[in-house]
Amino acid sequence: WKPAVSFSFDTPSDMEHFRVVEGEWEIRDGALCAVGGDRNRAVLLAPWDGGSVRIEFDATNFSSRGLIGDITVLIGATPDKNFFGSGYTITTGSYWNSCTTAYRLGTAIANTSWSPVESGRKNHLVVEYDRGHIRYEMNGEILLEAWDPSPLALTGDRWIGIRTWATLMVVDNVSISKRAE
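In terms of this note's numbering, the sequence shown is numbered consecutively and its last residue is 328.
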């Protein structure tokens with residue numbers, strides 16, 4: 148993998164480079180934070196050219212009312228309210244921390260009834276997308292793998308992003324790499 152872009156969230160004004168599609172996001176204390184929204188909290192971080200990509204970041208979710216929302220990676224998302232169903236969506240902690248799922252255009256292509264998200268625990272996440280192969284890792288452990296036999300040929304205004312559901316999430320050390328050809 149060859150590094151393409153990284154974000155350390157040291158400057159609050161860097162928010163102007165991202166696209167918030169739902170919820171409230173801000174940069175505080177050197178991290179990107181999902182701070183508001185009763186439902187989706189989604190931010191698009193970098194354009195995606197449709198090629199192989201590796202996304203790495205640290206995320207900490209904090210439960211609200213005893214419930215905790217997901218840690219989700221969006222690949223090929225559109226910058227509108229259809230961001231979840233417009234490309235690949237890979238998530239753990241879904242349905243109040245009960246499953247891990249990979250979606251293609253909003254339809255599940257792989258799922259497990261397991262999620263290791265714990266409130267207040269910092270996690271290191273890695274998602275790789277390579278010609279239809281999706282791998283989702285958390286803290287060095289593979290959570291889910293999926294294979295799309297007909298990989299999406301997405302064009303237009305497509306993005307890589309991060310999402311959670313009605314949960315305070317703190318994100319840091321984002322690194323996006325492309326396949327070294």
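Glycine included, each C-beta is placed from N, C-alpha and C at the ideal position.
Practice problem: Measure from the alpha carbon of G303 to the alpha carbon of each residue in L214, G234, T158 and W172, then state which is nearest. | Solution: Scanning L214, G234, T158 and W172 for the CA closest to the CA of G303 turns up G234.
Quiz item: What is the residue span of the beta strand (DSSP E) that W294 lies within?
Solution: Boundaries of the beta strand (DSSP E) harbouring W294: E288 to W294, taken from the DSSP string.
Exercise. Starting from the C-beta of G267, find all residues in its chain whose C-beta is less than 7 Å away, skip the five residues before and the five after it, and write them out in chain order.
Key: So the list reads T207 and F209, once near-sequence residues are dropped.
Practice problem: Entirely within the stretch 153 to 212 and at least 3 residues each: give me those beta strand (DSSP E) ranges in chain order. | Solution: DSSP runs (the beta strand (DSSP E)) wholly in the stretch 153 to 212: 166 to 169, 171 to 175, 178 to 183, 187 to 194 and 200 to 209.
Quiz item: By a C-beta neighbour count over all protein chains shown, 10 Å radius and 16 as the cutoff for buried, is R175 buried or exposed?
Solution: Counting the other CB atoms within 10 Å of its CB gives R175 a total below 16, which places it among the exposed residues.
Quiz item: Looking only at C-alpha atoms, which of N229, V264 and A224 sits nearest to W243?
Solution: Of the listed residues, the one whose Cα sits closest to W243 is V264.
Self-check item: Span of the alpha helix (DSSP H) around W243
Solution: S241 to N244 is the span of the alpha helix (DSSP H), which, as asked, contains W243.
Quiz item: Taking the DSSP output, what are the residues bridged to R326?
Solution: BP columns for R326 are empty, so no partner.
Quiz item: Can I323 and A151 be called in contact, C-beta distance under 7 Å?
Solution: Yes. Within cutoff.
Exercise. Indicate the three-state DSSP secondary structure (helix, strand or coil) for G223 in the structure shown.
Key: Looking at G223 - three-state DSSP - the assignment turns out to be strand.
Quiz item: Can the beta-carbon of V190 be found closer than 7 Å to that of G279?
Solution: Result no, Cβ atoms of V190 and G279 do not sit closer than 7 Å.
Quiz prompt | Close beta carbons around A300, own chain, < 8 Å, minus the five adjacent residues each side | solution = Correct list, in chain order: G197.
Quiz item: Quick one: is A255 buried, meaning 16 or more other Cβ sit within 10 Å of its Cβ, or exposed?
Solution: Exposed: under 16 other Cβ atoms inside 10 Å.
Practice problem: Give the straight-line distance between the Cα atoms of A291 and D161, rounded to the nearest whole angstrom. | Solution: Per the sequence shown, the amino acid found at residue 291 is Leu instead of Ala. Each residue's CA atom was taken as its position, placing L291 and D161 some 32 Å apart.
Quiz item: Residue range of the beta strand (DSSP E) that K269 falls in?
Solution: Looking at the DSSP string, the run of the beta strand (DSSP E) that includes K269 is K269 to D277.
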